[in-house]
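**Q** Top to bottom, those sequences are chains A and B. First residue of the first sequence: 1, per the numbering used here; consecutive thereafter. First residue of the second sequence: 1, per the numbering used here; consecutive thereafter.
There are 2 protein chains.
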Amino acid sequence: MQKTKLWYISTNSLFMGLPEKEMKVMASIMRTDEIKKKNRVYTAGDKSDKIYMLKEGMVKLSRLSDDGRELTVELLEPGDIFGELSIAGEEERETSAEAIEDSMICAINRQEFEDFIGKNPGFSLAITRFIGFRLRRIESRLENLIFRDVRSRLQMLFSDLAAKYGQQSQEGLRIKLKLTHQDIANLIGSSRETVTLEINKLKKEGSLQVDGRNYTLTEKVFS
Amino acid sequence: MQKTKLWYISTNSLFMGLPEKEMKVMASIMRTDEIKKKNRVYTAGDKSDKIYMLKEGMVKLSRLSDDGRELTVELLEPGDIFGELSIAGEEERETSAEAIEDSMICAINRQEFEDFIGKNPGFSLAITRFIGFRLRRIESRLENLIFRDVRSRLQMLFSDLAAKYGQQSQEGLRIKLKLTHQDIANLIGSSRETVTLEINKLKKEGSLQVDGRNYTLTEKVFS
DNA sequence: TGAAAGATGTAAGGAGGCTTACACTTGAGA
DNA sequence: TCTCAAGTGTAAGCCTCCTTACATCTTTCA
Numbered sequence: 001m002q003k004t005k006l007w008y009i010s011t012n013s014l015f016m017g018l019p020e021k022e023m024k025v026m027a028s029i030m031r032t033d034e035i036k037k038k039n040r041v042y043t044a045g046d047k048s049d050k051i052y053m054l055k056e057g058m059v060k061l062s063r064l065s066d067d068g069r070e071l072t073v074e075l076l077e078p079g080d081i082f083g084e085l086s087i088a089g090e091e092e093r094e095t096s097a098e099a100i101e102d103s104m105i106c107a108i109n110r111q112e113f114e115d116f117i118g119k120n121p122g123f124s125l126a127i128t129r130f131i132g133f134r135l136r137r138i139e140s141r142l143e144n145l146i147f148r149d150v151r152s153r154l155q156m157l158f159s160d161l162a163a164k165y166g167q168q169s170q171e172g173l174r175i176k177l178k179l180t181h182q183d184i185a186n187l188i189g190s191s192r193e194t195v196t197l198e199i200n201k202l203k204k205e206g207s208l209q210v211d212g213r214n215y216t217l218t219e220k221v222f223s
Numbered sequence: 001m002q003k004t005k006l007w008y009i010s011t012n013s014l015f016m017g018l019p020e021k022e023m024k025v026m027a028s029i030m031r032t033d034e035i036k037k038k039n040r041v042y043t044a045g046d047k048s049d050k051i052y053m054l055k056e057g058m059v060k061l062s063r064l065s066d067d068g069r070e071l072t073v074e075l076l077e078p079g080d081i082f083g084e085l086s087i088a089g090e091e092e093r094e095t096s097a098e099a100i101e102d103s104m105i106c107a108i109n110r111q112e113f114e115d116f117i118g119k120n121p122g123f124s125l126a127i128t129r130f131i132g133f134r135l136r137r138i139e140s141r142l143e144n145l146i147f148r149d150v151r152s153r154l155q156m157l158f159s160d161l162a163a164k165y166g167q168q169s170q171e172g173l174r175i176k177l178k179l180t181h182q183d184i185a186n187l188i189g190s191s192r193e194t195v196t197l198e199i200n201k202l203k204k205e206g207s208l209q210v211d212g213r214n215y216t217l218t219e220k221v222f223s
């Protein structure tokens with residue numbers, strides 16, 4: 001059965017506490033869209049006038065350097081909001097959003113979203129909190145990048161991913177995500193070759209198991 | 001004459017558009033405090049339950065590594081808000097806030113601040129915007145750190161500082177800020193020695209003039 | 001199913017920038 | 001105004017990690 005917009009809204013922590021009537025209003029200003037894998041929701045430079053919610057699939061937010069290297073800013077799960085910086089004075093997108101699986105998204109016009117915030121003060125605090133969370137995360141990544149080497153950043157990435165996508169299994173915490181070494185390099189600001197090297201070291205040391213493209217953390221090196 | 005809290009509020013862009021009555025409410029929940037140079041407003045690990053506004057002086061937000069290195073997250077001017085992550089689920093401070101000049105600050109309890117937001121939807125959007133701005137800035141620093149070398153980061157820092165603290169003069173854009181090479185290193189994630197080296201290169205090339213601890217940008221290498 | 005594209009393994013070489021070390025200069029505060 | 005701490009200049013050595021270069025293994029999809 002196709003889940004309704006209202007279902008997504010009512011199960012989303014961001015909208016928690018809103019009266020049902022307002023949830024319906026939110027549902028009514030959302031426009032559902034399908035995005036196929038490898039397609040972009042938006043690209044850096046696009047006009048920044050919509051906010052999105054990911055309903056199904058997975059979306060990657062990233063920034064590109066002039067010479068084509070990529071920095072992955074965020075991996076999004078169903079329920080996550082993105083493009084929210086359009087309400088923070090962003091005129092043009094600074095990041096790009098790409099579906100890395102076939103996805104369903106909901107789009108809301110910036111203006112309508114702001115009107116909605118204006119009418120629902122509690123909701124606005126939720127949005128503020130949400131952006132604040134992202135700010136804290138990014139700040140801590142900045143810190144890691146400056147203070148820690150590739151090995152340590154890789155370990156932290158794995159424990160972060162385990163916290164978000166981990167599943168307890170026989171061998172340890174299994175990360176339900178398929179990432180290539182290049183994907184990982186883009187997440188920690190390193191090169192594909194160095195990531196391959198460091199991952200294989202972790203395997204040899206026994207703190208990481210890899211089968212296919214699935215990673216399992218077997219030790220609490222990852223705290 | 002001592003400027004009143006209300007004066008600071010009414011001239012602050014964050015509070016713009018608020019009815020005067022609400023500005024007075026805000027003033028009434030603020031507690032003014034004096035912080036001497038080199039003292040901390042808060043330290044990483046402190047309970048995160050207040051929001052601050054800088055009235056006078058200058059405050060530096062920073063993060064420390066285990067081995068004592070420092071990353072400067074932000075330099076604040078009068079009118080700037082800080083500690084705002086306490087409304088974004090931050091239980092303990094992740095950064096420290098240190099006065100780098102004798103300063104006057106205003107403190108507001110988190111709970112009172114949130115109540116105020118709840119009653120003033122327009123204001124809440126302003127706060128969201130504010131945090132969003134900081135998020136964009138930090139993201140772009142993350143990007144620079146990954147994609148650019150020290151020389152380029154140094155140039156970008158100078159043009160950022162010029163935009164915020166610059167003053168047109170005979171020779172070019174003069175930055176009204178006294179920074180040591182160590183301060184600069186902490187801002188761009190480099191070492192003191194490397195910063196000295198690169199600054200002297202820029203001086204030789206003629207794009208930067210230094211007298212004492214004052215920097216003047218003489219060319220548009222800095223865009 | 002087979003070819004092409006994508007992903008991984010590995011190694012040599014090199015560069016950027018950090019560390020260490022120390023001399024010299026400036027400035028803050030007694 | 002003198003002293004001492006703080007800041008700056010400079011250089012050698014080294015270390016991490018990137019780049020380049022291929023071989024091989026896997027996945028995709030025509």
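Every residue gets a Cβ at the ideal spot worked out from N, C-alpha and C, and that includes glycine.
1) In the DSSP assignment, find the unbroken alpha helix (DSSP H) run with G118(B) in it and report its ends.
2) Using only alpha-carbon positions, find the residue among L6(B), T128(B), L75(B) that is nearest to Q90(A).
3) If I follow the unbroken beta strand (DSSP E) through N39(B), where does it start and stop?
4) Throw me the rounded Cβ distance for the S65(B) and F147(A) pair, which I believe falls under 8 Å.
5) Going by the DSSP bridge assignment, what does F82(A) pair with across the sheet?
6) Between P121(A) and S124(B), how many whole angstroms is the CB-CB distance? I'm expecting something under 8 Å.
7) When the cut-off is 8 Å and only beta carbons count, does P19(B) lie next to chain A?
8) The beta strand (DSSP E) with A99(A) in it runs from where to where?
9) Would you mind telling me which residues of chain B sit closer than 7 Å to S65(A), beta carbon to beta carbon, in chain order?
10) Enumerate in chain order the residues of its own chain whose CB-to-CB distance from M58(B) is below 6 Å, with the five nearest sequence positions on each side excluded.
11) Between the region 107-115 of chain A and the region 151-162 of chain B, do three or more beta carbon pairs fall short of 8 Å?
12) Note down the Cα distance separating M1(B) from W7(B), rounded to an integer number of angstroms.
13) Could you tell me whether the Cβ atoms of I51(A) and A27(A) are closer together than 8 Å?
14) Tell me, to the nearest whole angstrom, how far the beta carbon of L75(B) is from that of I138(A); I am working on the premise that it is less than 8 Å.
15) I believe I105(A) touches L61(A) by the beta-carbon criterion, under 8 Å. Please report the beta-carbon distance rounded to the nearest angstrom.
16) May I have the straight-line CA-CA distance separating E22(A) from G45(A), to the nearest angstrom?
17) Going by C-alpha distance, which of R63(B), E70(B), L71(B), I81(B) is nearest L95(B)?
18) Select from the region 125-154 of chain B all residues with a C-beta closer than 9 Å to any C-beta belonging to chain A, and list them in chain order.
19) Can you name the residues of chain A whose CB is closer than 8 Å to the CB of L85(B)?
20) Runs of 4 residues minimum, wholly inside the region 129-171 of chain A: which ones carry the alpha helix (DSSP H) assignment?
21) Can you list, in chain order, the residues of the region 69-96 of chain A whose Cβ is nearer than 7 Å to any Cβ on chain B?
22) Which residues mark the beginning and the end of the beta strand (DSSP E) in which R174(A) is found?
23) At a Cβ threshold of 8 Å, is I175(B) touching chain A?
24) Using 8 Å as the threshold, is the C-beta distance between S103(B) and E56(B) below it?
25) Count the other CB atoms within 10 Å of the CB of R93(A); is the residue buried (16 or more) or exposed (fewer)?
**A** Short version:
1) 110-119
2) The residue you asked about is not Gln; residue 90(A) is Glu in the sequence shown. Minimum Cα-Cα distance from E90(A) among the listed residues L6(B), T128(B), L75(B) corresponds to T128(B).
3) Where N39(B) is concerned, there is no enclosing beta strand (DSSP E), given that its DSSP letter is neither H nor E.
4) 4 Å
5) Y52(A)
6) About 6 Å separates the CB atoms of P121(A) and S124(B); that is less than 8 Å, so the two are in contact.
7) Contacts with chain A at 8 Å (Cβ-Cβ) do not include P19(B).
8) Where A99(A) is concerned, the enclosing beta strand (DSSP E) stretches over 96-99.
9) F147
10) Spatial neighbours of M58(B) in its own chain (CB-CB distance under 6 Å, excluding positions within 5 residues in sequence) are listed in chain order as I100, E101.
11) no
12) Low confidence applies here, because M1(B) scores a pLDDT of 48, under 50, leaving its location unreliable; read the following figure in that light. The straight-line gap from Cα to Cα measures roughly 12 Å.
13) no
14) About 18 Å separates the two Cβ atoms, so there is no contact after all.
15) Actually they are not in contact, since the Cβ atoms of I105(A) and L61(A) sit about 13 Å apart, beyond 8 Å.
16) 33 Å
17) Before going further, note that residue 95(B) is Thr rather than Leu in the sequence given. Closest option to T95(B), Cα to Cα, is R63(B).
18) L125, I127, T128, R129, F130, I131, G132, F133, R134, L135, R136, I138, E139, S140, R141, L142, E143, L145, I146, F147, R148
19) G132, L135, R136
20) The DSSP assignment places complete alpha helix (DSSP H) segments of no fewer than 4 residues inside the region 129-171 of chain A at 150-165, in order along the chain.
21) Per Cβ criterion, the list reads R69, L71, V73, L85, I87, A88, G89, E90, E94.
22) 173-175
23) no
24) yes
25) buried
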